[in-house]
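Here is the structure we will look at.
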Amino acid sequence: MEEQGFTISEDMVKDGYVEIMNIDISSVVIEIMRRKCAHIPQLKYVLMDVRDMSFFQDGSFDCVIDKGTLDSLMCGTDAPLSAFQMLEEVSRILKPGGIYMLITYGDPSVRVPHLNKAGQRWKIALYIIPRPGYKKREGCSSPNSMMEPVPLTEKGLLPPGFVLEDPESHYIYVCKKISESFEGIPNHVQPPTMTMQ
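Oh and the sequence shown: position 98 is 969 in my numbering, straight run, nothing missing.
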């Protein structure tokens, strides 16, 4: 996702993040980004399939940001299996209490079932952000604020009667990894952040 010539990773460096691992399955994309960002030492680019991130140890990251990767897998063959494999790997490489931020066009009815598969435990907060440049209809007085999470039902769905102002909104799922034990990773260690291109 690129807007106005900047990537999320580059903007994160400007905000003070010091170690960001970027992965993509395309060698062309990785090589282009390595050349483009060679002057930014905080950014690393690695060719990798998100369904097998065995290169990384368990609990290696504070945060994983997914900007369309799960969406891409959902368009491929064996979509449910690919999604499961990816989410298992994301959960594995996150430290306890780590955050998986999923930026997607998929509404809760098609994304929450994948997030809630057996073996994965997340506390999910959903934010719905209208597309850039979207203007509310005149007379629309929706009380919804995009800075407040949208409450989900017990089944992980949007509440009955919820009105989506912009049908092309982005859904941002902020998923906190819930773990039985936080042992093994010292609190003072701050693992890097990963973005999936």
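Just so it is clear, CB atoms sit at the ideal spot from N, CA and C, and this is done for glycine as well.
All values reported here derive from a predicted model rather than from experimental measurement.
Secondary structure of L941, DSSP reduced to three states: Helix.
Quick one: Cα of H1059 to Cα of I891, how far? Bear in mind that a pLDDT of 35 at H1059, under 50, signals an unreliable position, so the number given afterwards is only what the model happens to contain. Between H1059 and I891, the C-alpha separation is close to 18 Å.
Among M883, K1048, S880 and K885, which residue has its Cα nearest to the Cα of G969? G969 has its Cα closest to that of K1048, out of M883, K1048, S880 and K885.
The alpha helix (DSSP H) that contains V961, what's its start and end? Membership of V961 in the alpha helix (DSSP H) is indicated by the continuous run A950 to I964.
Within 10 angstroms of its Cβ, does R906 collect 16 or more other Cβ (buried), or is it exposed? Flag for R906 reads exposed.
Meets three-Cβ-pair contact criterion under 8 Å: the stretch 919-926 and the stretch 881-890: No, the stretch 919-926 does not touch the stretch 881-890.
Look at R1002 and S943 and say whether their C-beta atoms are less than 8 Å apart. Using a Cβ distance threshold of 8 Å, R1002 and S943 do not count as a contacting pair.
Rounded C-alpha distance that separates L914 from E881: Inter-residue distance for L914 and E881 is about 8 Å (C-alpha atoms, whole angstroms).
At which residues does the beta strand (DSSP E) containing L918 begin and terminate? Following the DSSP letters along the chain, one finds L918 inside the beta strand (DSSP E) bounded by residues L914 to L918.
In the DSSP output, what is N987 paired with across the bridge? By DSSP's assignment, N987 forms no beta bridge with any residue.
Beta carbon of K966, beta carbon of D933: below 8 Å? A contact, by the Cβ cut-off of 8 Å.
Taking the alpha carbon of V1045 as the point to measure from, which residue in V900, K938 and M904 has its own alpha carbon closest? Measuring from the Cα of V1045, the nearest candidate turns out to be K938.
Cβ of M972 within 8 Å of Cβ of I896? No, these two residues do not count as a Cβ contact at 8 Å.
Where does E881 fall in DSSP's three states? Residue state, collapsed to three classes: helix.
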